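When the letters of the sequence shown are read in order and numbered with full-length UniProt numbering, they come out as residues 1 to 224. Here a beta-carbon is modelled for each residue, glycine too, at the ideal position from N, C-alpha and C. Keep in mind that this is a model prediction, so the values were computed, not measured. A quick write-up on the structure given underneath.
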Amino acid sequence: MMIKSHPHEQLLVQYATGELNPAMLVMIGTHVDMCPQCQQHVADIEEQIALKVLGERVTDAALPNTVVDSMLESIMNSPAPIQVRAEAARDYISLEGKRFALPATLARNEHRIGQWHHMVSKLWRAPVDIGNGEMLNLIYMADGAQVPEHTHKGREATLVINGVFNDEFNEYRDGDFILLDEHHKHTPQTQGEDCLTLATLDAPMHFTAGISRLLNPFSSLFFR
């Protein structure tokens, strides 16, 4: 299935150079795991960066060929590093009798996933504590679930891990990455299929319709 929604160019550059905060690094890394197009794009960016850095160093240092040959020979003849066997990360999670495969980046952080909490109606949340105050959330929407209409005080990034949901703008499936801000208002919902997403907020969401507006003072407790 073709992924339609991707991180913009600047996010991929910041991912390749390690300039993103830890939560967004995991978000973009997980999308890249799922998206062959962005894997190639990141590889191209990394190659461009490497060529630029190498070109600058060669220009600055102007190393003689004999020195370069010696360095290469030393690298080629170096002993192989000792392989330390690490405990394998679990590459799936289970909820409501279903099992969901985790992309590699998220699987490496599986030990950081907290307990599932039933929020409201057909919504569940599990925090993913990245450390240093950085938090992601796994959000599970059962078939027929709906998040009340809301906007955002900051940026909201969402990645579909499995399933499908839709809002006023589009339909989103496995691997789709969505980045919204205070200029967007939407009502995510599932119809005919459930959906598991990974999400991060840099400020609480703001509910905009009906009785759900009463939740605004507490929204950071549900989605952080």
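Compare the beta carbon distance of residue i and residue j with 8 Å and say whether it is the shorter of the two.
| i | j | result |
| --- | --- | --- |
| residue 200 | residue 16 | no |
| residue 168 | residue 187 | yes |
| residue 12 | residue 53 | no |
| residue 105 | residue 30 | yes |
| residue 258 | residue 48 | What the structure shows of the chain is the stretch from 1 to 224, and residue 258 is not part of that stretch, so it cannot be assessed. |
If you drop the 5 nearest sequence neighbours on each side, which residues of the same chain put their C-beta closer than 7 Å to that of residue i?
| i | result |
| --- | --- |
| residue 45 | 12, 13, 16 |
| residue 99 | 92 |
| residue 95 | 116, 124, 140 |
| residue 33 | 103, 104, 105 |
| residue 10 | none |
| residue 18 | none |
Rank the options by C-alpha distance to the C-alpha of residue i and give the top, closest one.
| i | options | result |
| --- | --- | --- |
| residue 136 | 10, 160, 26 | 26 |
| residue 195 | 181, 9, 161 | 161 |
| residue 145 | 126, 166, 159 | 166 |
| residue 39 | 202, 6, 97, 184 | 6 |
| residue 35 | 50, 97, 159, 55 | 159 |
Tell me, please, whether the CB atom of residue i is closer than 8 Å to any CB atom in chain C?
| i | result |
| --- | --- |
| residue 194 | Here chain C cannot be found, since the structure has a single protein chain. |
Return the chain-ordered list of same chain residues with a C-beta closer than 6 Å to the C-beta of residue i, the five sequence neighbours on each side being excluded.
| i | result |
| --- | --- |
| residue 179 | 157 |
| residue 126 | 113, 114, 116, 138 |
| residue 155 | 181, 202 |
Between residue i and the rest of its own chain, which residues show a CB-CB distance below 8 Å, the 5 nearest in sequence each way excluded?
| i | result |
| --- | --- |
| residue 193 | 143, 163, 164 |
| residue 110 | 89, 90, 91, 93, 102 |
Touching or not, the region 18–37 and the region 124–134, by the rule of three or more beta carbon pairs under 8 Å? yes
Touching by the beta-carbon criterion (3+ pairs, under 8 Å), the region 171–184 and the region 114–122: no
Just to confirm the assignment: which complete alpha helix (DSSP H) runs, minimum length 4, are found wholly within the region 106–157? none
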